[in-house]
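Take the sequence shown: its position 68, counting from 1, is numbered 1143 in the numbering used here, and each next residue is one higher.
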Amino acid sequence: LMTDPHRTTQSQCPDTHESCFASPACEFYWSPAFELCYVKDHGASIGGLTAARDFNARNPTTVAEFGNLQYCNLQMVIGKVSNSATTTDAVQAVVGEITQQAVPDVFIGPRHSDTSIATAPITGVLGIAQVAFAASAPTLDDTQTYPYFLRTNPSDTTTAILAVDFLIVDLAYSRFAILNRNDVFGDGLRNKLVSLAAAGSNNATIESYAYSPELSSSVTTQVEAFSLSTLRVVVVVEYAAEQFNYILDEA
């Protein structure tokens, strides 16, 4: 999906703030076709921009159906607002765009649940669609608070339903622990797991251990606390490979 990409350095991509867990170092690339920096294996933006370009050209290369849209007169105008993962920057980026003369019809992102929760009420009030591609927190299921929020990934409500069914029904576990990162994503999935596991005939016993993802000492403390319990089944709620590997090492 990439058009003539070139290997570059982080210093040449100052606006790239993506998390990177590659070893030994991140690999940065520059796409001349879109004038965009991206991190190796995190090139979703390149795929999206390529699909948008093919949609405008009615080119079926990326999506076969695009070739059948010859009579559609719509064209996508794509603009990159921000690569930052912080909530403050995401809100500022959205506010900056909606105060322009040409207001976007849709925002793609932000990536994370906490930033989506901060920006979705703003876009919702204005009737602008916001489509997230990784924000999975159950909080965002509330269509009253987030009426124009959409996501291409499933909600963690679905994840929790499937996890409880697997653990309690299929594996017949009645006692387990949850080790989760202490943020919107981790707490949201944990709370949903706890409520579903205790509901109805499930009646499972659950102990929760929450850690701060910014502090390795917090992970160590919670893993040690779990090891002192009598539970021997633990559900880990974590999305970062680097953090997950650290948890395994501590365990």
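Glycine is no exception: its CB is placed at the ideal position from the N, C-alpha and C atoms. From a predicted model like this one, the values you see are computed outputs, not experimental measurements.
Helix, strand or coil at residue i according to DSSP, with G and I counted as helix
i	result
Ile1203	coil
Ala1274	coil
Asn1257	coil
Ala1285	strand
Val1178	coil
Val1294	helix
Ile1153	coil
Gln1318	helix
Val1138	coil
Arg1133	coil
Gln1145	coil
Asp1217	coil
Leu1076	With a pLDDT of only 41 at Leu1076, under the threshold of 50, the placement of this residue in the model should not be trusted; the figure read from the coordinates follows. Of the three classes helix, strand and coil, the one that applies to Leu1076 here is coil, per DSSP.
Leu1264	helix
Thr1162	helix
Thr1305	coil
Ala1212	coil
Ala1326	coil
Ser1188	helix
One or two residues paired with residue i in a DSSP bridge
i	result
Leu1225	Val1206
Thr1280	Arg1250
Val1311	Leu1254
Ile1183	Val1206
Own chain, CB closer than 6 Å to residue i, minus 5 neighbours either side, in chain order
i	result
Ala1285	Asn1255 and Asn1257
Ala1127	Met1151 and Ile1153
Gln1145	Arg1133
Arg1186	Ala1209
Contacts around residue i, its chain only, beta-carbon distance under 8 Å, and the 5 residues preceding and following it disregarded
i	result
Arg1265	Ile1253, Asn1255, Ser1283, Ala1285 and Val1312
Ile1243	Ser1249, Ala1272, Asn1277 and Ala1279
Ile1281	Arg1250, Phe1251, Ala1252, Ile1253, Leu1268, Val1269, Ala1272 and Ala1273
Pro1179	Gly1154, Glu1172, Ile1173 and Ile1203
Val1400	Any question about residue 1400 goes unanswered here, given that the chain covers just 1076 to 1326.
Leu1225	Ala1204, Gln1205, Val1206 and Ala1207
Beta-carbon proximity list for residue i, same chain, < 7 Å, skipping 5 on both sides
i	result
Ala1193	Thr1162, Ala1165 and Val1166
Pro1222	Gly1199
Ser1287	Asn1257 and Ser1293
Asp1189	Thr1162, Asp1258 and Val1259
Val1239	Leu1268, Leu1271, Ala1272 and Asn1277
Phe1141	Asp1129, Phe1130, Arg1133, Asn1134 and Pro1135
Buried or exposed (CB count within 10 angstroms, at least 16 for buried), residue i
i	result
Gly1184	buried
Gln1297	buried
Asp1245	exposed
Gln1176	exposed
Leu1213	The question names Leu, but residue 1213 is Pro in the sequence shown. Buried.
Val1169	buried
Asp1231	buried
Val1138	exposed
Ser1073	In the structure as shown, the chain begins at 1076 and stops at 1326. Residue 1073 is therefore absent and cannot be evaluated.
Thr1125	buried
Ala1235	buried
Ser1304	exposed
Ser1211	buried
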